[in-house]
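Taken in sequence, the protein lines are chains D and B. Under numbering that gives the first Met the number 0, think of the first position of the first sequence as 0, with each following residue one higher. Under numbering that gives the first Met the number 0, think of the first position of the second sequence as 0, with each following residue one higher. The C-beta atom is built at its ideal place from N, Cα and C for all residues, glycine as well. Only a predicted model underlies this, so the values are computations on that prediction, with no experimental measurement involved. For reference, the structure discussed in these notes is given below.
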Amino acid sequence: MTPALQSVLSPMGPDAVLLSRFSWLLFAAGTLIFAAVVLLVLASIFRKRGKSWSRRLVLGGGLVLPLPLLAALMGWSGWQASQLTWPFSGTRIQVTVTAHMWWWEVRYRDTATGREAVLANELRLPVGERVYIALASADVLHAFWVPSLAGKVDMVPGRLHGLTLRADTPGRYRGQCAEYCGTQHAAMALDVLAVAPRDFDRWLEHQAAPASPGSASAARGRAAFFAARCNACHTVRGVGEGGALGPDLTHIASRSHIGAGVLPLSRAALIGWVSDPQAAKPGARMPPSRLPPEDLQALADWLETLR
Amino acid sequence: MADVGLAALLLPLVLCACQPRKPYPPAGDGNALRGKALLAQFQCGSCHHIPDVESARGKAGPSLAQFGLRSYIAGRWPNQQDNLVRWISAPRDMDPTTMMPDMGVSADDARHMAAYLYTLE
Numbered sequence: 000m001t002p003a004l005q006s007v008l009s010p011m012g013p014d015a016v017l018l019s020r021f022s023w024l025l026f027a028a029g030t031l032i033f034a035a036v037v038l039l040v041l042a043s044i045f046r047k048r049g050k051s052w053s054r055r056l057v058l059g060g061g062l063v064l065p066l067p068l069l070a071a072l073m074g075w076s077g078w079q080a081s082q083l084t085w086p087f088s089g090t091r092i093q094v095t096v097t098a099h100m101w102w103w104e105v106r107y108r109d110t111a112t113g114r115e116a117v118l119a120n121e122l123r124l125p126v127g128e129r130v131y132i133a134l135a136s137a138d139v140l141h142a143f144w145v146p147s148l149a150g151k152v153d154m155v156p157g158r159l160h161g162l163t164l165r166a167d168t169p170g171r172y173r174g175q176c177a178e179y180c181g182t183q184h185a186a187m188a189l190d191v192l193a194v195a196p197r198d199f200d201r202w203l204e205h206q207a208a209p210a211s212p213g214s215a216s217a218a219r220g221r222a223a224f225f226a227a228r229c230n231a232c233h234t235v236r237g238v239g240e241g242g243a244l245g246p247d248l249t250h251i252a253s254r255s256h257i258g259a260g261v262l263p264l265s266r267a268a269l270i271g272w273v274s275d276p277q278a279a280k281p282g283a284r285m286p287p288s289r290l291p292p293e294d295l296q297a298l299a300d301w302l303e304t305l306r
Numbered sequence: 000m001a002d003v004g005l006a007a008l009l010l011p012l013v014l015c016a017c018q019p020r021k022p023y024p025p026a027g028d029g030n031a032l033r034g035k036a037l038l039a040q041f042q043c044g045s046c047h048h049i050p051d052v053e054s055a056r057g058k059a060g061p062s063l064a065q066f067g068l069r070s071y072i073a074g075r076w077p078n079q080q081d082n083l084v085r086w087i088s089a090p091r092d093m094d095p096t097t098m099m100p101d102m103g104v105s106a107d108d109a110r111h112m113a114a115y116l117y118t119l120e
């Protein structure tokens with residue numbers, strides 16, 4: 000069976016394993032208790048007249064049975080919770096994920112080399128290595144949730160929460176905002192990739208590099224980017240920096256989706272999104288561009304070179 | 000004899016029924032079902048509204064609802080299969096000023112897409 004992209008029942012990290020085991024225990028216990036109640040109901044229907052069990056039932060079912068059961072469950076869940084990974088910020092790779100309405104800003108820092116890289120809606124992790132994720136919000140309440148790797152953590156404006164993630168199996172997982180945050184809350188997905196450590200290091204080095212200058216045809220698209228003032232919100236490192244309202248586009252063509260999981264990345268998606276983001280994601284902060292067709296084509300040419 | 004006369008009278012009516020329902024939609028030889036999947040795969044829907052195609056609700060380009068009843072492609076070329084296939088595979092060759100991107104659609108794939116679009120009436 001192929002592992003699910005986004006499921007609590009397909010755990011791929013230590014915390015997710017604990018949580019799914021806990022969920023299964025609760026499902027099983029709940030099923031047993033439900034069956035016992037059904038049996039009691041049947042017994043009460045078919046019992047012989049005259050003999051009353053009510054006092055024994057109230058004492059037994061309401062006090063004697065639940066007390067040790069719930070106490071044991073509480074002890075076990077407390078013990079399990081203590082096994083969850085504690086946030087530990089001394090890891091080699093540190094990431095700050097800032098939630099925006101409605102996308103994820105992902106900022107990497109390699110403490111060994113000091114390399115920094117900013118990307119959007121994509122989180123990459125080296126397999127088997129703990130990575131500290133600092134969680135912040137730029138506007139309203141959001142929550143960070145990659146069900147295959149760990150539980151939810153709220154992202155609260157003005158606070159910094161922490162989470163230490165470890166992916167044990169290489170693969171692609173999906174995260175999603177788990178705290179209602181407005182119109183496009185449902186269309187706020189995070190692409191999570193767990194890759195071999197060596198590939199990860201090469202990838203981070205590439206993501207930290209500024210955009211390559213590109214060819215002559217790309218120059219026209221770059222000019223269109225400034226002419227339309229895209230740089231007021233978007234940064235392309237090495238080309239135009241300072242825009243911080245929208246996602247960093249330095250390596251946009253290396254991502255799998257645009258619009259936080261809304262459209263798989265392709266030329267058609269780029270052109271459709273840039274000319275009218277509201278069609279794909281109504282309410283998104285990006286306005287329609289209304290560029291002349293030639294400029295739009297040139298802009299797409301250039302964006303496609305930002306690998 | 001009267002029966003034959005009546006039959007002769009009704010014959011033109013019967014022949015009328017043989018006429019194609021609409022003279023203009025050029026019959027395509029592509030597979031419409033496959034074309035529908037290709038329209039979704041190439042994300043035509045990020046600019047076009049296309050009935051029954053997954054997440055095709057773009058507004059940047061014209062809606063393709065009732066495309067089979069359209070007279071012209073891009074307001075210029077008669078809506079015939081060969082023109083449509085050419086337009087889908089390389090729109091900028093036909094009109095360098097169009098906003099529609101060349102998506103690298105093969106003529107074969109374009110034929111299937113055209114077949115689906117011609118089912119929209």
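Which of helix, strand or coil does DSSP assign to residue i?
i	result
residue 51 of chain B	coil
residue 97 of chain B	coil
residue 168 of chain D	coil
residue 118 of chain B	coil
residue 254 of chain D	coil
residue 108 of chain D	strand
residue 239 of chain D	strand
residue 114 of chain D	coil
residue 228 of chain D	coil
residue 42 of chain B	coil
residue 23 of chain B	Residue confidence for residue 23 of chain B is low, a pLDDT of 48 falling below 50, so the modelled location carries little weight; the figure read from the coordinates is stated next. Note: residue 23 of chain B maps to coil in three-state DSSP.
residue 233 of chain D	coil
residue 284 of chain D	coil
residue 81 of chain B	helix
residue 76 of chain B	strand
Measure the C-alpha to C-alpha separation of residue i and residue j and round it to an integer number of angstroms.
i	j	result
residue 181 of chain D	residue 66 of chain D	42 Å
residue 23 of chain D	residue 69 of chain D	16 Å
residue 81 of chain D	residue 234 of chain D	42 Å
residue 101 of chain B	residue 269 of chain D	13 Å
residue 275 of chain D	residue 286 of chain D	7 Å
residue 23 of chain B	residue 79 of chain B	Note that residue 23 of chain B scores a pLDDT of 48, beneath 50, so its modelled location is shaky; the value from the coordinates is reported in the next line. For residue 23 of chain B and residue 79 of chain B, the distance between alpha carbons rounds to 8 Å.
residue 298 of chain D	residue 229 of chain D	10 Å
residue 89 of chain B	residue 27 of chain D	59 Å
residue 188 of chain D	residue 112 of chain B	30 Å
residue 120 of chain B	residue 49 of chain B	12 Å
residue 296 of chain D	residue 220 of chain D	8 Å
residue 45 of chain D	residue 34 of chain D	17 Å
residue 278 of chain D	residue 238 of chain D	28 Å
residue 124 of chain D	residue 260 of chain D	18 Å
residue 109 of chain B	residue 87 of chain B	6 Å
residue 252 of chain D	residue 273 of chain D	14 Å
residue 97 of chain D	residue 135 of chain D	5 Å
residue 73 of chain B	residue 82 of chain B	11 Å
residue 311 of chain D	residue 37 of chain D	The question about residue 311 of chain D has no answer here: the residues shown for chain D are numbered 0 through 306.
residue 289 of chain D	residue 271 of chain D	11 Å
residue 307 of chain D	residue 113 of chain D	Any answer about residue 307 of chain D is impossible in this case: the structure gives chain D only from 0 up to 306.
If the cut is a Cβ gap below 7 Å, which residues of chain D does residue i touch?
i	result
residue 100 of chain B	266, 267, 270, 296 and 299
residue 85 of chain B	Chain D residues near residue 85 of chain B: none, gap ~18 Å exceeds 7 Å.
residue 58 of chain B	275 and 278
Since residue i and residue j are thought to touch, with beta carbons under 8 Å apart, how far apart are those beta carbons, to the nearest angstrom?
i	j	result
residue 248 of chain D	residue 305 of chain D	6 Å
residue 216 of chain D	residue 9 of chain D	Actually they are not in contact, since the Cβ atoms of residue 216 of chain D and residue 9 of chain D sit about 44 Å apart, beyond 8 Å.
residue 99 of chain B	residue 67 of chain B	About 19 Å separates the two Cβ atoms, so there is no contact after all.
residue 109 of chain D	residue 203 of chain D	6 Å
residue 90 of chain D	residue 163 of chain D	7 Å
residue 142 of chain D	residue 178 of chain D	4 Å
residue 17 of chain D	residue 79 of chain D	6 Å
residue 106 of chain B	residue 31 of chain B	Going by Cβ atoms, the distance from residue 106 of chain B to residue 31 of chain B rounds to 17 Å, so no, they are not a contact pair.
residue 45 of chain B	residue 267 of chain D	5 Å
residue 13 of chain D	residue 173 of chain D	That pair is no contact at about 19 Å.
Which bits of chain B does residue i rub up against, with CB to CB less than 7 Å?
i	result
residue 302 of chain D	Per Cβ cutoff of 7 Å: no residues; residue 302 of chain D is ~12 Å from chain B at best.
residue 293 of chain D	96
residue 262 of chain D	42 and 45
Going along chain B in order, which residues have a C-beta closer than 8 Å to the C-beta of residue i?
i	result
residue 190 of chain D	Near residue 190 of chain D there are no residues of chain B at all, since even the closest Cβ is about 17 Å away, more than 8 Å.
residue 58 of chain D	Ordered by position in chain B, no residue passes the 8 Å Cβ test against residue 58 of chain D, which lies about 59 Å from the chain.
Taking Cβ-Cβ distances shorter than 8 Å, what residues in chain A pair up with residue i?
i	result
residue 305 of chain D	Although the question refers to chain A, the structure presented lacks it and instead comprises the protein chains D and B.
Which one of the options has the shortest CA to CA distance from residue i?
i	options	result
residue 255 of chain D	D/27, D/34, D/44 and D/171	D/171
residue 43 of chain B	B/57, B/51, B/117 and B/30	B/57
residue 119 of chain D	D/107, D/125 and D/128	D/107
residue 196 of chain D	D/210, D/169, D/6 and D/207	D/169
residue 128 of chain D	D/290, D/281 and D/88	D/88
residue 96 of chain B	D/303, D/300 and D/292	D/292
residue 280 of chain D	D/223, D/101 and D/15	D/101
residue 93 of chain D	D/105, D/84 and D/166	D/105
residue 245 of chain D	D/99, D/11 and D/51	D/99
residue 312 of chain D	D/264, D/231, D/159 and D/205	Outside the shown range of chain D, which is 0 to 306, sits residue 312 of chain D, and nothing can be said about it.
Could you name the residues of chain B that residue i contacts, counting a contact when the two beta carbons are closer than 9 Å?
i	result
residue 4 of chain D	Near residue 4 of chain D there are no residues of chain B at all, since even the closest Cβ is about 18 Å away, more than 9 Å.
Below 8 Å on C-beta distance, what does residue i contact in chain D?
i	result
residue 41 of chain B	265 and 267
Interface residues of chain D around residue i at Cβ under 9 Å?
i	result
residue 70 of chain B	The contacting residues do not exist; residue 70 of chain B stays about 23 Å from chain D at best.
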